[in-house]
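S.K.: Chains W and L are the protein sequences, given in the same order. 8 is the number of the first residue of the first sequence in my numbering; add one for each residue after it. 598 is the number of the first residue of the second sequence in my numbering; add one for each residue after it. Questions regarding the structure given below will be posed in turn.
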Amino acid sequence: MELKTKINAEEGKQDLYITREFDLPVELLFKAHSDPSIIEQVMTNPYATAKILKFEGKKHGSYQTQSTDAQGKVVFSSNGAYHEFIPNKKIVRTFEMENAPLGVQLEVYEFEKLTDSTSRLNIHVIYESGALRDQVLKMPFAQGLSMAHDRLQEIMKKK
Amino acid sequence: MELKTKVHAEEGKQDLLITREFDLPVELLFKAHVDPEIIVQWKIMPNTTARIIKFGGKKHGSFEMESTDAQGKVVSRVNGVIHEFIPNKRIIRTFQVENGPMGVMFEIYDFEKLSDNTSKLNMHVIYESGAIRDQVLKMPMDKGMGMAFERMEEIMKKYK
Chain W
8 MELKTKINAE
18 EGKQDLYITR
28 EFDLPVELLF
38 KAHSDPSIIE
48 QVMTNPYATA
58 KILKFEGKKH
68 GSYQTQSTDA
78 QGKVVFSSNG
88 AYHEFIPNKK
98 IVRTFEMENA
108 PLGVQLEVYE
118 FEKLTDSTSR
128 LNIHVIYESG
138 ALRDQVLKMP
148 FAQGLSMAHD
158 RLQEIMKKK
Chain L
598 MELKTKVHAE
608 EGKQDLLITR
618 EFDLPVELLF
628 KAHVDPEIIV
638 QWKIMPNTTA
648 RIIKFGGKKH
658 GSFEMESTDA
668 QGKVVSRVNG
678 VIHEFIPNKR
688 IIRTFQVENG
698 PMGVMFEIYD
708 FEKLSDNTSK
718 LNMHVIYESG
728 AIRDQVLKMP
738 MDKGMGMAFE
748 RMEEIMKKYK
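And the structure:
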């Protein structure tokens, strides 16, 4: 089945573009990226439960997340800082998956209103190198992200 | 004369590598980048006065700096967040000139000890696009940065 979240990675570059349309007003799409309790739900999958350990959703704020498996073992942790945080419009942040050889990335999120009840998320991810980006693309990254976005859509529809 | 500050920009990429060796111990090279009172003495544009509004020199800290001209008019404001801050080793941060056309830059500073009295700064600057990087390269960046580093080396010698 074709994934709803599209990834465009140009050959030889160190960045990629991600787009996804949602049947959600842009305000709810943004809320799903700025409300820690919702972020936890979106990040939680059948294999791991996510917890937001720190969340300062504002310009020059920062965040820290941790995901554990059913046995309580930490399987994923990440952190970063917000360079820009404009409600319903834009987030610019750093992101690092801890204990992974993937470096730090800069992410630019644009929240775009399409109609009163639909919106589009445009993410520009910039890696430290093209080699690191290609490394990420070899992982089931597109599937994981698309599934997270499917969860986001389901969770926010109820709001 | 060959410039001490080397800027390496590969064709078609959106990043730059900048290197410069200093006759300074790595601790002083690092201090010059994280002590607000020292930063305002060298990271400035010609004929301006710099003021640090905020400087959180730590992981997840942030900074804000303002430059004014002789008449006290604000000519530039910059800000960013610090993703990583390892004393005498590494800083990863974002950097933006407000209301400027350059977007947000993503910068990785590696501070390298060469000997007890010499060190090397390796800067990796990543732009939002290759077009923005190429725009920056059209400016006399290596010269401007080279002059700032000269100032800094002079200032820091006093701390030896």
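Just so it is clear, CB atoms sit at the ideal spot from N, CA and C, and this is done for glycine as well.
Who does residue 162 of chain W pair with in a DSSP beta bridge?
M.R.: In DSSP, residue 162 of chain W forms no bridge with anything.
S.K.: Compute the Euclidean distance between the alpha carbons of residue 568 of chain L and residue 98 of chain W, then round it to the nearest angstrom.
M.R.: Not covered by the structure: residue 568 of chain L. The range shown for chain L is 598 to 757.
S.K.: Where does residue 659 of chain L sit, in a helix, a strand or coil, going by DSSP?
M.R.: Residue state, collapsed to three classes: strand.
S.K.: Does residue 679 of chain L come out as helix, strand or coil in the three-state DSSP assignment?
M.R.: Residue state, collapsed to three classes: strand.
S.K.: Express the C-alpha separation of residue 669 of chain L and residue 108 of chain W in angstroms, rounding to a whole number.
M.R.: Computed Cα separation, rounded: 47 Å.
S.K.: How close, in whole Å, do the beta carbons of residue 4 of chain W and residue 32 of chain W come, if the pair is a contact with beta carbons under 8 Å?
M.R.: Outside the displayed span of chain W (8 to 166) sits residue 4 of chain W, for which this structure offers no information.
S.K.: Using three-state DSSP, classify residue 754 of chain L as helix, strand or coil.
M.R.: In the structure shown, residue 754 of chain L sits in a helix (DSSP, three-state: H, G or I).
S.K.: Output, in sequence order along the chain, the residues in the stretch 88 to 101 of chain W whose CB is closer than 9 Å to any CB in chain L.
M.R.: So the close ones are 88, 89, 90, 91, 99, 100, 101.
S.K.: What whole-angstrom Cβ distance do residue 27 of chain W and residue 156 of chain W have, given they're in contact under 8 Å?
M.R.: Right, their Cβ atoms sit about 5 Å apart.
S.K.: Looking only at C-alpha atoms, which of W:68, W:74, W:134 sits nearest to residue 46 of chain W?
M.R.: When only C-alpha atoms are compared, the closest one is W:74.
S.K.: Counting along the chain, where does the alpha helix (DSSP H) carrying residue 727 of chain L start and finish?
M.R.: Note, residue 727 of chain L: alpha helix (DSSP H), 727 to 734.
S.K.: Between the alpha carbons of residue 636 of chain L and residue 630 of chain L, how many angstroms are there, rounded?
M.R.: Residue 636 of chain L and residue 630 of chain L: Cα-Cα distance of roughly 6 Å.
S.K.: Would you verify that the beta carbon of residue 25 of chain W is, or is not, closer than 8 Å to some beta carbon of chain L?
M.R.: Chain L, which has no Cβ nearer than 8 Å to the Cβ of residue 25 of chain W, makes this no.
S.K.: Using 10 angstroms around the beta-carbon of residue 706 of chain L, count the other beta-carbons present and answer buried if the total reaches 16, otherwise exposed.
M.R.: Buried is the call here.
S.K.: State whether the stretch 641 to 661 of chain L contacts the stretch 674 to 682 of chain L, with contact taken as three or more CB pairs (one from each stretch) at a distance under 8 Å.
M.R.: Yes, the stretch 641 to 661 of chain L is in contact with the stretch 674 to 682 of chain L.
S.K.: Would you mind stating whether residue 115 of chain W and residue 135 of chain W have Cβ atoms separated by less than 8 Å?
M.R.: Going by C-beta atoms, residue 115 of chain W is not nearer than 8 Å to residue 135 of chain W.
S.K.: Please say whether residue 676 of chain L and residue 708 of chain L have beta carbons closer to each other than 8 Å?
M.R.: Not in contact: residue 708 of chain L and residue 676 of chain L (Cβ atoms no closer than 8 Å).
S.K.: Give me the chain L residues within the contact set of residue 69 of chain W, using Cβ-Cβ distance strictly less than 8 Å, ordered along the chain.
M.R.: Near residue 69 of chain W (Cβ distances below 8 Å), the residues of chain L are 657, 678.
S.K.: Of all the residues that make up the stretch 609 to 623 of chain L, which are near chain W by a beta-carbon distance shorter than 9 Å?
M.R.: Listed by position along the chain: 609, 610, 611, 612.
S.K.: In or out: residue 612 of chain L buried (at least 16 other Cβ within 10 Å) or exposed?
M.R.: By the neighbour-count rule (16 or more Cβ atoms within 10 Å), residue 612 of chain L is buried.
S.K.: Give the residues from the stretch 694 to 708 of chain L that approach chain W closer than 9 Å (Cβ to any Cβ), ordered along the chain.
M.R.: Correct list: 700, 701, 702, 703, 705.
S.K.: Return the bridge partner residues of residue 22 of chain W from the DSSP annotation.
M.R.: Answer is W:133, bridged to residue 22 of chain W.
S.K.: Let me make sure I understand the geometry here. Which of W:23, W:37, W:18, W:143 has the alpha-carbon closest to that of residue 163 of chain W?
M.R.: Of W:23, W:37, W:18, W:143, the residue nearest in Cα terms is W:37.
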